[in-house]
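Heads up: the sequence lines are chains A and B, in that order.
At position 225 of the first sequence (counting the first as 1) the number is 225 in full-length UniProt numbering, and the numbers step up by one without a gap.
At position 102 of the second sequence (counting the first as 1) the number is 102 in full-length UniProt numbering, and the numbers step up by one without a gap.
Below is one structure, written out as C-alpha cells; comments come after it.
Number of protein chains: 2
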Amino acid sequence: MAVTIVDVAHKAGVSPSTVSRVISNDSRISQKTSRKVRKIMEELGYHPNMLAKSLVTKTTNNIGIVLPRPADELFQNQFFSEIIRGIVTKAASGRYDVLLTTGTNEIEEEQAVERLVRGRNVDGIILLSSKKEDRTISFLREKKFPFVLVGRSEQYSDLISVDNDNVQAAYDVTRRLIQAGHRKIAFVSGPLNLTVSKDRLDGYTKALYEAGIAVQAQYQFEGSFTMESSEEVVQDILKLKDRPTAIVAIDDLVAFGLIRSFWRQGLRIPDDCSIAGFNNTLISEMCLPPIASVDIGIYQMGTSAAQALIQRIKGDGFEQARIIIPHQLIWRESAGAHS
Amino acid sequence: MAVTIVDVAHKAGVSPSTVSRVISNDSRISQKTSRKVRKIMEELGYHPNMLAKSLVTKTTNNIGIVLPRPADELFQNQFFSEIIRGIVTKAASGRYDVLLTTGTNEIEEEQAVERLVRGRNVDGIILLSSKKEDRTISFLREKKFPFVLVGRSEQYSDLISVDNDNVQAAYDVTRRLIQAGHRKIAFVSGPLNLTVSKDRLDGYTKALYEAGIAVQAQYQFEGSFTMESSEEVVQDILKLKDRPTAIVAIDDLVAFGLIRSFWRQGLRIPDDCSIAGFNNTLISEMCLPPIASVDIGIYQMGTSAAQALIQRIKGDGFEQARIIIPHQLIWRESAGAHS
DNA sequence: CTGAAAGCGCTAACAG
DNA sequence: CTGTTAGCGCTTTCAG
Chain A
1 MAVTIVDVAH KAGVSPSTVS RVISNDSRIS QKTSRKVRKI MEELGYHPNM LAKSLVTKTT
61 NNIGIVLPRP ADELFQNQFF SEIIRGIVTK AASGRYDVLL TTGTNEIEEE QAVERLVRGR
121 NVDGIILLSS KKEDRTISFL REKKFPFVLV GRSEQYSDLI SVDNDNVQAA YDVTRRLIQA
181 GHRKIAFVSG PLNLTVSKDR LDGYTKALYE AGIAVQAQYQ FEGSFTMESS EEVVQDILKL
241 KDRPTAIVAI DDLVAFGLIR SFWRQGLRIP DDCSIAGFNN TLISEMCLPP IASVDIGIYQ
301 MGTSAAQALI QRIKGDGFEQ ARIIIPHQLI WRESAGAHS
Chain B
1 MAVTIVDVAH KAGVSPSTVS RVISNDSRIS QKTSRKVRKI MEELGYHPNM LAKSLVTKTT
61 NNIGIVLPRP ADELFQNQFF SEIIRGIVTK AASGRYDVLL TTGTNEIEEE QAVERLVRGR
121 NVDGIILLSS KKEDRTISFL REKKFPFVLV GRSEQYSDLI SVDNDNVQAA YDVTRRLIQA
181 GHRKIAFVSG PLNLTVSKDR LDGYTKALYE AGIAVQAQYQ FEGSFTMESS EEVVQDILKL
241 KDRPTAIVAI DDLVAFGLIR SFWRQGLRIP DDCSIAGFNN TLISEMCLPP IASVDIGIYQ
301 MGTSAAQALI QRIKGDGFEQ ARIIIPHQLI WRESAGAHS
C-alpha cells in the first residue's frame with residue numbers, strides 16, 4: 001500500500017536502517033547517501049508511519065488531557081477553553097499533539113486515563129482538576145507516569161503542579177472588600193470536594209478572621225458552577241434576616257449568575273450587594289455591571305503545564321515542582337465600595 | 001516490562017492468538033477458555049497496547065482536529081470551544097478520542113494535516129474552516145481520507161460537511177432590520193477569503209436587494225474577528241457623512257467590539273445604531289446591552305460533525321452529505337427598532 | 001474451537 | 001560509514 005522505509009531502501013540501493021538513520025539525522029551518515037536517500041523519499045512520496053515508530057521507541061509525541069466530568073458542562077466555562085488554548089499552543093511549539101478524552105462520570109474518567117496510559121497512547125498527561133481522594137493521581141503516581149496537575153493535591157505534595165496561590169487570592173479579594181467597608185461578606189464556592197473551592201474558602205476565612213469579623217456559616221454557600229445553583233443561592237440569601245453586603249464568588253460565571261438572579265429579584269449590583277469573582281474571563285468584562293475579578297493567568301497556566309510536562313517527559317526539568325502563577329485583582333464596577 | 005498478550009497466553013496455557021480472540025470477543029472461542037483467559041488477564045493486570053494493535057489493524061480510534069491558524073487567537077472565540085465541546089462529547093460516546101493539533105501559519109497547518117494523515121495517527125479529520133482555495137481539502141479528497149468539513153467549500157460540493165445556511169441566516173437578520181425600519185444597514189464581515197464571510201455577505205446583499213435598497217460599498221467592512229479591527233471599523237463609520245443606522249456583524253465578538261467602540265465615542269446602542277451578531281454565545285446574553293444574535297447551533301454542529309465522521313470512517317453513512325444545522329434569530333436589545 | 005507462523009513498519013544493537 | 005538481525009505487541013490467514 002503506502003510506501004515504506006523498505007521501498008525507499010530498495011530503490012536507493014541501501015538498507016532500511018540507513019534510511020532510518022537518514023530520517024533521524026544520524027550524524028554518522030555520509031552527505032552523499034543522505035542526499036540520495038532524501039531524494040528517493042521525495043520521489044516516492046515517503047512519509048514515516050508514526051505508529052510503527054511509536055511501537056518501537058515507546059513514545060508518541062502526544063500529551064493527554066482528560067476533561068473533567070461532563071465534557072459537556074465544564075466547557076461552558078471559559079476556564080477550560082483558555083487553559084487548553086495554552087496547552088495546545090505550547091505543545092505544538094514542542095512538537096507535541098494533544099489528545100483530548102473524557103468520560104461521562106468519575107469512573108469513566110479514571111478508565112480513560114488508564115486506557116491512555118496503559119494503551120501507550122500518550123507520553124504524559126495533564127490533569128485539569130483534583131479531588132479530595134483522587135484515584136487518578138494515585139494511579140499515575142504509582143505508575144511513575146509523567147503528569148502535571150493543574151491545581152493542588154491535598155494528598156501528595158511531591159507532584160509537578162501548576163497552580164495559583166488560591167488561598168492568597170481569595171484572601172486578597174476578601175480583604176479588599178473589607179477595606180471597602182464591608183463586614184457581612186458571603187462566599188459562594190464550587191463543590192467543596194474540589195481543592196480549589198477549599199483553598200479559596202480558606203483565604204476568605206483567613207481575611208475575615210484577621211479583620212476580627214466573625215465567620216458565619218450562614219454566609220457560606222456551596223454551589224456547582226451552574227446558573228441554576230446560583231439562582232438557588234440567591235434565593236437562600238434573600239431569606240436571610242441579615243443579608244450580606246458583599247459576595248465573593250468562586251468564579252466569574254457564578255458571579256454572573258448571582259448578578260442576574262439578584263437583578264431578577266429587583267436588586268441592583270453593586271448598590272444592594274457587591275460581588276467579585278475569579279478568572280477574569282471575557283464575561284467579567286462584558287457583564288452589566290462589569291465584574292470585579294481575580295485574574296489568575298489561565299492561559300499561562302496552560303502553557304506552563306505543557307512546558308513542565310514536556311520537560312518531565314524528556315527527563316530534563318524537575319521530578320517535582322510546584323509552579324505558582326501570580327494572580328492580580330481587577331477591580332470593577334460590580335464591587336463598588338459599600339455605602 | 002509491561003505484561004503482554006504473550007505473558008497472558010503462557011500463563012493461561014494457550015496461544016497468543018487465542019488471547020487475541022478473547023479480547024476481540026471472537027464468536028468461536030469456548031466459554032471455558034474465554035473465562036480462563038479473562039481471569040489471567042485480570043490477575044496479571046493485562047492491558048492491550050493500542051499502538052501495536054493500531055499498527056496491524058490500521059485504525060487508531062482517534063479523530064483529528066486542526067485548529068485554524070493561531071490556536072491562540074481563534075480560541076478566544078467561543079465558537080471553537082463550543083464546537084470542540086460538541087465533537088469531544090460525541091466522539092467519546094463513539095469510543096473515539098480527539099487529537100488536537102495546530103500550526104502557527106497556513107503552511108504549518110497543511111503540514112500538520114499531512115503529518116496526522118500519513119503518519120496514520122488518526123482515522124479521520126474534522127476541518128474547522130475552509131478557505132477559498134483550500135489545499136488541505138484537496139489533499140484529503142485526493143487521498144480519499146475520511147474527513148468532515150465544518151462550513152462550506154467553494155471548490156467541491158461532493159464533501160461531507162456540516163454547516164448553517166449562512167446566506168439565509170444573514171438574509172433573515174438583515175430583513176428583520178429592514179422591517180424594523182432601517183434603510184442604511186452596514187455589514188462587518190471577517191476576512192473575505194473565508195467562505196462564511198462571503199455567504200453572510202451574500203445574504204445581507206440579497207435582503208437589501210429584495211427590499212429595493214441600494215447596496216453601498218461604503219457600508220461594507222472587512223474585519224478580522226479582533227477587538228482592534230472593530231475599533232477601526234467604528235472609526236471608519238464615524239467618518240461617513242451618511243452613517244448607517246444598523247449593523248450586521250459577522251460574530252458576537254465583533255458585535256461586542258463595535259458596541260464597545262461606539263460607547264467609547266459616546267454613542268449609544270441601540271439608540272444611535274442597532275447592532276446584530278451571529279453565534280448567540282454567552283457574550284451576546286451578557287453584553288450591555290444584550291446582543292441580538294443568530295443562534296447557529298454550534299454545539300450541535302460539533303456533535304453532527306463527529307457523528308458524520310465516525311459513520312464515514314466505519315463505512316456506513318454517506319460518502320457525501322451536506323448537513324445543515326438550522327438557525328434561529330434571537331432578538332435582543334442591541335437591535336431595537338429604528339426610531 | 002485452537003495453534004503456528006507470518007508480518008504491520010520501524011528502530012537499535014551488533015558487526016563489519 | 002553501512003548492513004544484518006532481531007524484535008516492539010498485536011492480528012490474521014491457514015492449518016489442524
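Idealized CB from N, CA, C, for every residue including glycine.
Model, not experiment: these values are computed from the prediction.
Sequence-distant residues of the same chain with beta carbon closer than 6 Å to residue i, five excluded per side
i	result
Lys206(A)	Tyr171
Gln311(B)	Gly317
Ala71(B)	Here Ala71(B) scores only 46 on pLDDT, less than 50, and its place in the model is too uncertain to base an answer on.
Phe145(A)	Val117
Arg175(A)	Ala207
Val3(B)	Leu44, Tyr46
Chain A contact for residue i (CB, 8 Å cutoff)
i	result
Ile283(B)	yes
Ala52(B)	yes
Thr102(B)	yes
Leu140(B)	no
Ala306(B)	no
residue 382(B)	The structure shown has nothing for residue 382(B), since chain B only spans 1 to 339.
Ala246(B)	no
Leu55(B)	yes
Asp242(B)	no
Phe147(B)	no
Ala92(B)	yes
Val22(B)	no
Phe256(B)	yes
Val37(B)	no
Chain B within 8 Å of residue i, Cβ atoms only
i	result
Ser81(A)	yes
Thr4(A)	no
residue 340(A)	Any answer about residue 340(A) is impossible in this case: the structure gives chain A only from 1 up to 339.
Glu319(A)	no
Pro48(A)	yes
Cys287(A)	yes
Arg118(A)	yes
Asp123(A)	no
Leu329(A)	no
Val14(A)	no
Asp97(A)	yes
Secondary structure of residue i, DSSP reduced to three states
i	result
Phe187(A)	strand
Ala305(B)	helix
Ser274(B)	strand
Asp97(B)	strand
Ile267(B)	The question names Ile, but residue 267(B) is Leu in the sequence shown. Note: Leu267(B) maps to coil in three-state DSSP.
Ala321(A)	strand
Gly336(A)	coil
The beta strand (DSSP E) enclosing residue i, as first and last residue numbers
i	result
Ser293(B)	292 to 295
Leu149(A)	147 to 150
Leu67(A)	62 to 67
Asp163(A)	160 to 164
Ala249(B)	246 to 249
Ile237(A)	Element bounds for Ile237(A): not the beta strand (DSSP E) but the alpha helix (DSSP H), 227 to 239.
Leu127(A)	124 to 127
Ile330(B)	328 to 330
Exposure label - residue i; buried when at least 16 CB within 10 Å
i	result
Phe318(B)	exposed
Arg28(A)	exposed
Tyr209(A)	exposed
Arg260(B)	buried
Phe75(B)	Caution is warranted here: a pLDDT of 49 is assigned to Phe75(B), below 50, making its placement in the model unreliable, and the coordinate value is therefore given only provisionally. Classification for Phe75(B): buried.
Opening and closing residue of the alpha helix (DSSP H) in which residue i lies
i	result
Glu142(A)	135 to 143
Asp199(B)	195 to 210
Gln111(A)	106 to 118
Glu42(A)	31 to 44
Glu285(B)	282 to 286
Cβ-based neighbour list, residue i, same chain, cut-off 8 Å, excluding 5 preceding and 5 following
i	result
Glu133(B)	Gln155
Thr136(B)	Val66, Glu109, Glu110, Val113, Leu127
Close-in-space but distant-in-sequence residues of the same chain around residue i (CB under 7 Å, 5 per side omitted)
i	result
Gln320(A)	Asp158, Leu159, Ile160
Leu192(A)	Lys198, Glu222
Residue i Cβ short of 7 Å to the ligand GTP heavy atom set
i	result
Ala207(B)	Of ligands this structure carries none, so the ligand GTP is not represented either.
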